[in-house]
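K.L.:
Got a structure for you, written out below as structure tokens; questions coming shortly.
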Amino acid sequence: CVRQEAGMSEIVIQVGQSLLQERLAKSFKQDIVLIVALSYVDLSRDAVALSPPDFIKSCELLERALKLLQEEGASNLASDLQAQIDETLEEITPRCVLELLALPLGQEKREEGLLGLRNILWAVGKGGASAIAGGFTREDFMNEAFLYMTASEQVELFSATPSNIPAESFEVYGVALALVSQAFLDKKPNLIQNADNLFMQLQQTKVEIDFALERGLCSLLVGDIDSCRTWLGLDNEASPYRDPSIIDFVLDNSLPGLCKLLETWLVFPKFRDTQDVQFKLGDYYDDPTVLRYLERLESPLAAAAAIVKIGTVKASAIKALQKVFP
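In our numbering, the protein residues as written are 1 to 326.
Printed below as a string of structure tokens:
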């Protein structure tokens, strides 16, 4: 016990674990279990005190302490200490999950973060509460978690969420953007319809935002330029969706202007796996899978073909494009 108080927790744990392999009197064994558990707690505090804190290590140490108390000391041993450990774990687990998600993609341990994220969000969602332990609101926690997640992981989380946990508007919007990212990078234009359906859902529930820009650019990604122009209010000065800043942005160069708007809107830095992606619209519209999809939709392939050339557009090319897309 003196050693533990002197801060030699690792030695205490090593010696204690060795003693627990022996046949000990019950009272002596419980004393050893308690001392080792307290040493784990001491080390967990040290991990949190680091700069930056190591919440993964702290959680692991607290879980070892709790397991030791429950399995080796019987469930009634140091019930107050067990309750304190449970309370501390609940408080720091959100931070631990964020650290796990921030691990390199493909690292096996990162899967624990994805599982922990579901456990936290679904437990909170069922209760109808907006607060999460650790001082997070649900929205703040999710937004921070999304910084460490790929687009496909965000879509998978949304799809797997139980139906009794309704998604909030910011979640729906983020997943819609993730679907657009997936569609563009994986050349799966069918996902654009899924994204547009989510934007339409938001359009029907959030009257203060019209989501016309998002729906218009989804239309452009499937080659439906007429619908795109309608959503952006390009052809109707009385359109409720008309945004003067967008109008000014696209009207001078027409189709090239729309495509530049689309490139500006595609927020790939939002997703971990696309932060450093250098993309061109031509890579999407010139893909055989995309073109076949546009053909099935009877979308204007001439416009899609024109878009492919926009990366090298010059004044003469703009004139040619304006003949295709006046």
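Even glycine gets a Cβ: it sits at the ideal position worked out from N, Cα and C.
None of the values given here were measured: they were computed from a predicted structure.
1) Straight-line CA distance for L61 to G134?
2) In chain order, what are the residue ranges of uninterrupted beta strand (DSSP E) at least 3 long that sit wholly in the segment 175 to 227?
3) Out of curiosity, what's the CA-to-CA distance linking K280 and C259?
4) Go ahead and pull the three-state DSSP assignment for Y241.
5) Is it buried or exposed for G106, if we count other Cβ within 10 angstroms and need 16 for buried?
6) Can you tell me whether N119 is helix, strand or coil according to DSSP?
7) Mind checking if Q154 is an interface residue toward chain C, Cβ cutoff 8 angstroms exclusive?
8) With a CB to CB cut of under 8 angstroms and the five nearest residues on each side skipped, what residues in its chain are close to P53?
9) Can you tell me the Cα-Cα spacing of F28 and L20, whole angstroms?
10) What is the C-beta distance between T161 and F271, in whole angstroms, given that I count them as a contact (C-beta under 8 angstroms)?
11) Closest to E90 by C-alpha separation, out of L81, C59, S181 and R110, would be which residue?
12) Quick one: is S44 buried, meaning 16 or more other Cβ sit within 10 Å of its Cβ, or exposed?
13) Classify R229 as buried or exposed, calling it buried when 16 or more other Cβ atoms lie within 10 Å of its own Cβ.
14) Distance check for L213 and P244, CA to CA, integer angstroms please.
15) If you draw a straight line from the C-alpha of L217 to the C-alpha of L68, how long is it?
16) So for M142, helix, strand or coil by DSSP?
17) Thinking C-alpha only, which one of A178, D226 and S169 is nearest T205?
18) If you reduce the DSSP assignment to three classes, tell me which class Q70 lands in.
19) In terms of alpha-carbon separation, which member of D287, A49 and Q17 lies closest to A37?
20) Smallest Cα separation from E10: which of I35, L191, S39 and G257?
P.N.:
This is what the structure gives:
1) Within the sequence shown, residue 61 is the residue found at index 61, counting from 1. Within the sequence shown, residue 134 is the residue found at index 134, counting from 1. Linking L61 to G134 through their CA atoms gives a straight-line distance of about 18 angstroms.
2) Fully enclosed beta strand (DSSP E) runs of 3 or longer: not present.
3) The sequence position of residue 280 within the sequence shown is 280, counting from 1. The sequence position of residue 259 within the sequence shown is 259, counting from 1. Between K280 and C259, the C-alpha separation is close to 10 angstroms.
4) Here the question's residue 241 lines up with position 241 in the sequence shown. In the displayed model, Y241 falls within coil according to three-state DSSP, outside both helix and strand.
5) Taking the first residue of the sequence shown as position 1, residue 106 is located at position 106. By the 10 Å Cβ count, G106 comes out exposed.
6) Taking the sequence shown and counting its residues from 1, one reaches residue 119 at position 119. N119 carries a helical assignment under DSSP once its states are collapsed to helix, strand and coil.
7) No chain C appears in the structure shown, which is made up of a single protein chain.
8) One-based indexing of the sequence shown puts residue 53 at position 53. Here the set comprises A47 and R95.
9) Here the question's residue 28 lines up with position 28 in the sequence shown. Here the question's residue 20 lines up with position 20 in the sequence shown. In a straight line, the C-alpha of F28 is about 10 angstroms away from that of L20.
10) Within the sequence shown, residue 161 is the residue found at index 161, counting from 1. Within the sequence shown, residue 271 is the residue found at index 271, counting from 1. About 18 angstroms; that fails the 8 angstroms criterion.
11) Taking the sequence shown and counting its residues from 1, the one referred to as residue 90 is at position 90. Here the closest residue by C-alpha is C59.
12) By one-based count along the sequence shown, residue 44 stands at place 44. With 16 or more Cβ atoms within 10 Å of its Cβ, S44 is classed as buried.
13) What you label residue 229 is simply residue 229 of the sequence shown in a count that begins at 1. Counting Cβ neighbours within 10 Å, R229 comes out buried, since at least 16 surround it.
14) The residue you call residue 244 lines up with position 244 of the sequence shown. The residue you call residue 213 lines up with position 213 of the sequence shown. So the two alpha carbons sit approximately 12 angstroms from each other.
15) For the purposes of this step, residue 217 is identified with residue 217 of the sequence shown, where counting begins at 1. For the purposes of this step, residue 68 is identified with residue 68 of the sequence shown, where counting begins at 1. Approximately 56 angstroms between the Cα atoms of the pair.
16) For the purposes of this step, residue 142 is taken as the residue at position 142 of the sequence shown. For M142, the three-state secondary structure derived from DSSP is helix.
17) As a working note, residue 205 is residue 205 in the sequence shown. The candidate whose alpha carbon is nearest that of T205 is S169.
18) The residue given as residue 70 occupies position 70 in the sequence shown. Of the three classes helix, strand and coil, the one that applies to Q70 here is helix, per DSSP.
19) Position 37 of the sequence shown, counting from 1, holds the residue named residue 37. A37 has its Cα closest to that of Q17, out of D287, A49 and Q17.
20) Within the sequence shown, numbered from 1, the residue matching residue 10 stands at position 10. With distances taken between CA atoms, E10 lies nearest to S39 out of I35, L191, S39 and G257.
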